[in-house]
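Numbering (this note's numbering), first residue to last: -7 to 141.
The C-beta atom is built at its ideal place from N, Cα and C for all residues, glycine as well.
A quick write-up on the structure given underneath.
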């Protein structure tokens, strides 16, 4: 069952694109700081990509693309499939999504400050879970296609 985002939620998320363009990498860096307090979560990530800044930049670009295309998600089909494939390669499971949400949403507030109103964070929370459901579904299909180890 996929979540349907309201026109208002989509408009709010889309309106944050300029702030994401400017502060997206800082948001994702802060999110990873929050995530990596758990060594088990940190171990799932490519340390070199973190140290070089590649991973925070990639995620910031993905979040920006999502905000800019929230009304036309079909434009993101290929990137979503690449992300799902990468998640399967690294062992991402549905239970990891709440951990990321609990790091990402506060990171948005940490970096954007007063601009990250409760309304903005609520819209991003809804948008995050809508995308998470899509990814979880794609990942489940990919996991079933994998040969047994």
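Pull up the distance between the alpha-carbon of residue 93 and that of residue 102, whole angstroms please.
-> 14 Å
Are the segment 12 to 30 and the segment 45 to 56 touching by the rule of at least three beta carbon pairs closer than 8 Å?
-> yes
Rank 126, 61 and 134 by C-alpha distance to the C-alpha of residue 9 and give the top, closest one.
-> 61
Answer yes or no: do residue 107 and residue 11 have a C-beta to C-beta separation smaller than 8 Å?
-> yes
Taking all protein chains shown into account, decide if residue 75 is buried (16 or more other Cβ within 10 angstroms of its Cβ) or exposed.
-> buried
Among the residues of its own chain, which have a CB less than 7 Å from the CB of residue 18, if the five just before and after it don't count?
-> 103
Apply the 10 Å Cβ neighbour rule to residue 59 and answer buried if 16 or more other Cβ atoms are within range, or exposed otherwise.
-> buried
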